[in-house]
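Here is the structure we will look at.
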Amino acid sequence: MTITIKKSGKETESLIRRVEEISGVDLDVCYQCKKCTSGCPVANLTESPPSEIMRRLHLGAGDELLGSDIIWACVSCETCSARCPMGIDIAAVMDALRILSVEKKAEKQEGNMPLLNRAFLSTVRLFGRTYDIAMIAAYKIGTLKLMNDTEKFPTMLKKRKIALLPPTGADRKVTRRIFKKAKQNKAGKE
Amino acid sequence: MKYAYYPGCSAHSTARDMHESSVAVAGALGIDLVEPEGWTCCGATAAHQTDRVLAASLPAANLLKARDMGLDMVANCAACYNRMKTANHEVSTDPAMRKLVGDAVGRDYDGTVKVRHIVEVLLEDFGLDNIKNALKRSLKSLQVACYYGCLLVRPHEVTNFDDPENPTSLDKLVTAMGGVSLDWPHKVECCGGGLSLTRTDIVVKLTDSIVGMAKAAGAQCIAVSCPMCQINLDLRQQDIEKQTGTRHDMPILYITQLLGLCLGISPGKLGLSKLMVSPAKVIEKIEVHANG
Numbered sequence: 452m453t454i455t456i457k458k459s460g461k462e463t464e465s466l467i468r469r470v471e472e473i474s475g476v477d478l479d480v481c482y483q484c485k486k487c488t489s490g491c492p493v494a495n496l497t498e499s500p501p502s503e504i505m506r507r508l509h510l511g512a513g514d515e516l517l518g519s520d521i522i523w524a525c526v527s528c529e530t531c532s533a534r535c536p537m538g539i540d541i542a543a544v545m546d547a548l549r550i551l552s553v554e555k556k557a558e559k560q561e562g563n564m565p566l567l568n569r570a571f572l573s574t575v576r577l578f579g580r581t582y583d584i585a586m587i588a589a590y591k592i593g594t595l596k597l598m599n600d601t602e603k604f605p606t607m608l609k610k611r612k613i614a615l616l617p618p619t620g621a622d623r624k625v626t627r628r629i630f631k632k633a634k635q636n637k638a639g640k641e
Numbered sequence: 011m012k013y014a015y016y017p018g019c020s021a022h023s024t025a026r027d028m029h030e031s032s033v034a035v036a037g038a039l040g041i042d043l044v045e046p047e048g049w050t051c052c053g054a055t056a057a058h059q060t061d062r063v064l065a066a067s068l069p070a071a072n073l074l075k076a077r078d079m080g081l082d083m084v085a086n087c088a089a090c091y092n093r094m095k096t097a098n099h100e101v102s103t104d105p106a107m108r109k110l111v112g113d114a115v116g117r118d119y120d121g122t123v124k125v126r127h128i129v130e131v132l133l134e135d136f137g138l139d140n141i142k143n144a145l146k147r148s149l150k151s152l153q154v155a156c157y158y159g160c161l162l163v164r165p166h167e168v169t170n171f172d173d174p175e176n177p178t179s180l181d182k183l184v185t186a187m188g189g190v191s192l193d194w195p196h197k198v199e200c201c202g203g204g205l206s207l208t209r210t211d212i213v214v215k216l217t218d219s220i221v222g223m224a225k226a227a228g229a230q231c232i233a234v235s236c237p238m239c240q241i242n243l244d245l246r247q248q249d250i251e252k253q254t255g256t257r258h259d260m261p262i263l264y265i266t267q268l269l270g271l272c273l274g275i276s277p278g279k280l281g282l283s284k285l286m287v288s289p290a291k292v293i294e295k296i297e298v299h300a301n302g
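Respectively, the protein sequence lines represent chains A and B. The first sequence lines up with residues 452 to 641 when you count with this note's numbering. The second sequence lines up with residues 11 to 302 when you count with this note's numbering.
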C-alpha cells in the first residue's frame, strides 16, 4: 500500500498534536500491526481503514485527512481500542477527528452525521431529553432525504415506537446549564 | 433490593418495550427501581462525537441525582450504561476533567456512584438460583443466539462487564430459563449503532451479517440487551429483504422479555406487540414449566 500525503504547508498544519490534545491519546506508540483494521466492521466499506489513518497522522497529515470517509462511517464500536496491543484508544482518535472536522468545516461526508448530532443535541438542550420526531424532521429537511424509511413510520407510530409529543419531566435547568458551559468553553478556546 | 433506575430517552420512544419489560420483571422479582426525579439525556453518541466535557457532564448530572438518593444507578440501555460508566472513568481519572464537569453541572462529582446494568443486577445481586426458583415457564429448548453488541463490553477497562470477546451473561440467563444458548461468532460484532439514519447502507450490511449468522447457527430468536441493537436488527430486516431478497424472519427479543414470559408475565405487559418481526412462534414455544 502506498500512502501519499500532502506536504504540511501553513494552512495544513500537522494534525497529530491537536488529535492527541483532544483525545488524550499518545499516538507515537502505534507500530502498525493493523489489528484495529482487522477487527473494524467498516474497514472494507471505506477508503481508509483505521490503521491507515494512524499512519497518515504519523506522517504529518494536515486538514486533508479530515475528508476521510471513515471519520463519519466509523460506528464507534470500539473494537479497535479493545484490541490494540499498545492500548491506544483509536475510537477516541476518531472522535477527535470528528470534532476537528466540524471545527475546521471539512468537506461534508455521506450521511451528514454532524447535522444529525446537532439536531439530536438541540432537542436535549430544549427538552432535557431527546425528541425523536423533531430530530428526524430536522435531519430529513437538512439532507433532503425526505422519503427514507417513511414506509416504516405508520407502523412505528401505531406501535408507539415513536412518541408524537415532546418529552416532559426532565430537569431542564441542569441541561441548559451544561450546554451553556460547553458553549462558553468553546468560545474561550477560539 | 432498591436501585435508582435510569430508563433513558428511548424508554419513551423506540425502546418502550425494553422499559416495560424491565419494570415488569423487576416488579415480579421484588426488585425496587426508582427513577431519579427529572433525569435527563445521557448525550449518547452525539455528545461524545461533539465535545468531551459535554459528554461527561450530561451523565454526571444524573449520577449526582442517584448519589442524592443514596442508591446505585441501574440502566437497561447499553448506550446510557456505557456513557455513565465513561463519565465515571473520565471524572475519577482526570482531575482537570472533574473540575470542568463540576463547573458545568454546578456541583462537584467524584465519579463514585456505582453504575450497573440490569443484567448484572439479575446475575450478581439477585442470583441465578433465585431466578430459577421464580420461573413459572420454560423456554423449552428454544435455540437462542445471545447478542451483546459493543457498548456493554467495550471498552472493557471502563465497563468491566463480563468477558469482552466472549461474554456469557445473557447465555447464563437463557440456559437457566431452559433454553439452548448457541455458540456463535457474532456475539460482540457491531450492528451499526448510531448510523441507522445517516448510513443505512452500512447498517443493513452489518445487521444482515449478524442475523444471517445467527440463523446459520440454528437460532430461533436473538436475545439482546441494547435498544440500538434491537431496533437495528429488528427494523432493518425489512430493508435486508428488499435489497437482497433474503427474508430472515428472526424475532429480536430483549432478554427481559424472555425472562418476563418465563416468569409468567402476560405478553401485553412486556411490550411484545411492539416488535417489528413477530415473536409469536417464540411465545407459542414457551410452555408451562415442570414445576409451574
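Glycine is no exception: its CB is placed at the ideal position from the N, C-alpha and C atoms.
Report the neighbours of residue i on chain A: residues whose CB is nearer than 8 Å to its CB, in chain order.
i	result
T210(B)	N599 and D600
K284(B)	K610, R611 and K612
A71(B)	D622, V625, T626 and I629
P174(B)	A533
Any beta-carbon of chain B closer than 8 Å to the one on residue i?
i	result
R501(A)	It is Pro, not Arg, that sits at residue 501(A) in the sequence shown. No, P501(A) does not count as interfacial toward chain B.
M564(A)	yes
R469(A)	no
P492(A)	yes
G579(A)	yes
V575(A)	yes
C481(A)	no
P618(A)	yes
So is residue i in contact with chain A if we call contact Cβ pairs under 8 Å?
i	result
A57(B)	yes
N301(B)	Caution is warranted here: a pLDDT of 48 is assigned to N301(B), below 50, making its placement in the model unreliable, and no coordinate value can be reported.
T304(B)	The structure shown does not extend to residue 304(B), since chain B is modelled only from 11 through 302, so no value can be given for it.
T24(B)	yes
P289(B)	no
L68(B)	yes
G270(B)	no
G303(B)	Past the edges of chain B, shown from 11 to 302, lies residue 303(B), and the structure says nothing about it.
G222(B)	no
E294(B)	no
So residue i contacts chain A; which residues on that side make the cut at Cβ distance below 7 Å?
i	result
V63(B)	A633 and N636
D113(B)	K632
H166(B)	A533
C160(B)	C528 and E529
Compute the distance between the beta-carbons of residue i and residue j, then report whether it is under 8 Å.
i	j	result
L271(B)	P277(B)	yes
N86(B)	P46(B)	no
E100(B)	A66(B)	yes
I541(A)	P492(A)	no
E561(A)	R147(B)	no
L551(A)	L478(A)	no
V163(B)	G189(B)	no
V125(B)	A70(B)	no
H127(B)	A614(A)	no
R507(A)	I592(A)	no
I312(B)	L282(B)	Residue coverage of chain B in this structure runs from 11 to 302, which leaves residue 312(B) outside it and unanswerable.
T217(B)	L243(B)	yes
Residue i touches chain B at which residues, Cβ-Cβ below 7 Å?
i	result
D477(A)	What D477(A) touches in chain B: nothing, since even the nearest Cβ is about 15 Å away.
G639(A)	Near G639(A) there are no residues of chain B at all, since even the closest Cβ is about 11 Å away, more than 7 Å.
Y590(A)	L207
L516(A)	Neighbours of L516(A) on chain B: none; closest Cβ ~17 Å, over 7 Å.
Give the residues of chain B in contact with residue i, contact being defined as C-beta atoms less than 8 Å apart.
i	result
M505(A)	Within chain B, no residue comes near M505(A); the closest Cβ sits about 17 Å away, beyond 8 Å.
A524(A)	L205, R209 and I212
Residues of chain A with CB under 9 Å from residue i, in chain order?
i	result
V125(B)	By Cβ distance, chain A contributes nothing, its closest Cβ being about 17 Å from V125(B), past 9 Å.
Since residue i meets chain B, which of its residues come closer than 9 Å, beta carbon to beta carbon?
i	result
E561(A)	T208, R209 and D211
I550(A)	Q59, T60, D61 and R62
K556(A)	In chain order: nothing, as chain B lies at least about 15 Å away.
For the stretch 225-245 of chain B against the stretch 632-639 of chain A, do three or more pairs of beta-carbon atoms, one drawn from each stretch, fall closer than 8 Å, so that the two count as touching?
no
Evaluate the contact criterion for the stretch 531-538 of chain A versus the stretch 565-581 of chain A: three or more CB pairs, one atom per stretch, below 8 Å.
no
Three or more C-beta pairs under 8 Å: does that hold for the stretch 505-516 of chain A against the stretch 540-557 of chain A?
yes
Evaluate the contact criterion for the stretch 616-624 of chain A versus the stretch 43-61 of chain B: three or more CB pairs, one atom per stretch, below 8 Å.
yes
If we require 4 or more residues per run, which alpha helix (DSSP H) segments fall completely within the stretch 113-181 of chain B?
138-144 and 166-169
Which ranges would you report for the beta strand (DSSP E) in the stretch 227-287 of chain B if only whole runs of at least 3 residues count?
231-234 and 262-264
Interface residues of the stretch 243-275 of chain B facing chain E [CB-CB below 8 Å]:
Looking at the structure shown, chain E is missing, and the protein chains on hand are A and B.
Taking one C-beta from the stretch 575-592 of chain A and one from the stretch 239-258 of chain B each time, how about it: are there three or more such pairs within less than 8 Å?
no
Tell me the start and end of each unbroken beta strand (DSSP E) in the stretch 29-83 of chain B that is at least 3 residues and wholly inside, in chain order.
42-44
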